[in-house]
Amino acid sequence: MVNKNQSILILTHEASPRLSYALDFIFSKQFLYDYTIIHKAPVNDAVLVIEYGDKATLNNTVFIPKSKMINLGNFDPKWNSKIREFGLSKSSSGLSFNIDIFSEIFFHLSRMEEYEFDSTEELNRFSVKNSSVNDLVLSPFLDFMIQQFVEGINAFWKIDITRNSQYTFIHTIDIDQFYSYKAKGIKRSFGGFGRDILKFRFGIALARLLANAKSKDDPYDTFDKLWKSLKTKEKYVFILQSQKGKFDKASNISHTEVKKIIQKISRIAQIGIHPGIETVKHIELIQKERNQLSKITNQKINISRQHYLNFHFPQTPTALIKSGIKHDFSLGFHDHIGFRAGTCHRFNYYDIENETVTPLTFVPTIAMDVTLKRHQNLSPKDAIETIKKLINACKSVSGAFCLLWHNSSFDVSEGWLGWDKVYKEIVKYADDQIV
Ligand SMILES: [Zn+2]
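In structure tokens form, the structure reads like this:
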């Protein structure tokens, strides 16, 4: 009989931070159980041993075949992930898994496949099309594999390794602009007014004038409807500050009205920076943006999400760490909803160059409004159905469903007719799943 309180012994020739990173993701982040790495077979056979090597040599143990990916210094962005073949078999000698679970975890979480890839996309972002496992994008495949692995060893050893996490809903808003027309400054407002008139968009021109006269709500001023009566405590808002270049068109956050809104929001949600495309080129700006928001909110700012989900390995995480950011929310594909790293659990950034686990945490983003509408061209009805399936998947692995919505994605004049309903339904559904 095995002693149910003993730790699991991982028998392997060499320990490495890569292996510990994968083991911690299973036995600390997702489940809770003690493990110890050992290099010599134990004499007592009444212990829990996972043999991790070329072939099984012991009886009554769990065997996992080891691949080179787990070895320090191994760098292969085109590594052939075998995740689709995952399976287990029981024999007289023990329980065997047919693929290297630890290497799979390491490869997908480290995002090694995002290093040195080719892209013709304007911002050179890693697209779902660039991923070798893009057929699995709608599945938290690492979480499913880990769940089956733990169920397998629980049944084999008759132990009870339990979950260390609960399903949660993470509600996040990116604010690129606070107002569609109000508070943009005289020059930009009248410029917009002139363009509207030239394009015969009289309704919009009128709305612009009225908003400036404070007699009608601005279509981007949706902050009051965003968080009403949510159960989740995880509410985050990321604010763009860069006003340079083609992509960064932030509101001026030193404008009194904008400041007031930020202060109001900061009482409901945690505020983070939203580094623009120009910010990426000048990392000293990250620190400056943190300070500016910190001054307005009187809060420590240590969370971030890249504008346009413009995230590049290893440059972006390196810059974020240097600038004191603790949690990043950028890891979702810009062009497809789902699981960029195969998981809906938080995980740490592994620095491949220095072979070390860093304190920077990734909170995977599972779905973004713009992805649903613009990139995947889903109708509001299809979007609701697809998202509900993703939420169910997150719940089934006790992970987190992180939704990214923009305050501007209710503006009918910008094509968001019917999306108000999408937002309300999926937020309610995701929130209702919390127990
Ligand atoms: Zn943005």
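Each residue of the sequence shown is one higher than the one before, starting from 14 at the first, in our numbering. Here a beta-carbon is modelled for each residue, glycine too, at the ideal position from N, C-alpha and C. Since this is a predicted model, take the numbers as computed values, not measurements.
- As computed with DSSP, S109 is found in a beta bridge with F76 and S102.
- Burial check for E117: the Cβ neighbour count within 10 Å reaches 16 or more, so the residue is buried.
- Non-local beta-carbon contacts of F326 in its own chain, meaning distances under 7 Å to residues more than five positions away in sequence, involve R124, E127 and Y128 in chain order.
- Relative to S105, the option among L253, I96, F169 and L430 whose CA is nearest is F169.
- Taking C-beta separations shorter than 7 Å and ignoring five residues to either side along the sequence, the partners of D444 in its chain run F182, L243, K244 and T245, following chain order.
- With contacts defined by Cβ atoms closer than 8 Å, D156 and H358 form a contacting pair.
- For L253, the Cβ falls inside the 7 Å cut-off from some heavy atom of ligand 1.
- In this structure, the straight-line span from the alpha carbon of N361 to that of G412 is close to 15 Å.
- Check the Cα spacing between I39 and each of K339, E368 and E164: the tightest is with E164.
- Judged by beta-carbon spacing, C415 lies within the 8 Å limit of T185, meaning their Cβ atoms are closer than that value.
- Taking all protein chains in view, the Cβ of R176 is surrounded by fewer than 16 other Cβ atoms within 10 Å, so the residue is classified as exposed.
- In the DSSP annotation of this structure, the continuous segment of the beta strand (DSSP E) that includes A413 starts and ends at A413 to H419.
- Burial is judged here by how many other beta carbons sit within 10 angstroms of a residue's own beta carbon; P372 has fewer than 16 and is exposed.
- According to the DSSP assignment, K248 belongs to the beta strand (DSSP E) that extends over K248 to I252.
- Between K248 and I281, the C-beta gap is smaller than 8 Å, which places the two residues in contact.
- Judged by DSSP in its simplified three-state form, G165 adopts helix.
- Remark: the shortest separation between the CB of H347 and any heavy atom of ligand 1 does not fall under 7 Å.
- In this structure, R303 lies near I286, with their beta-carbon atoms less than 8 Å apart.
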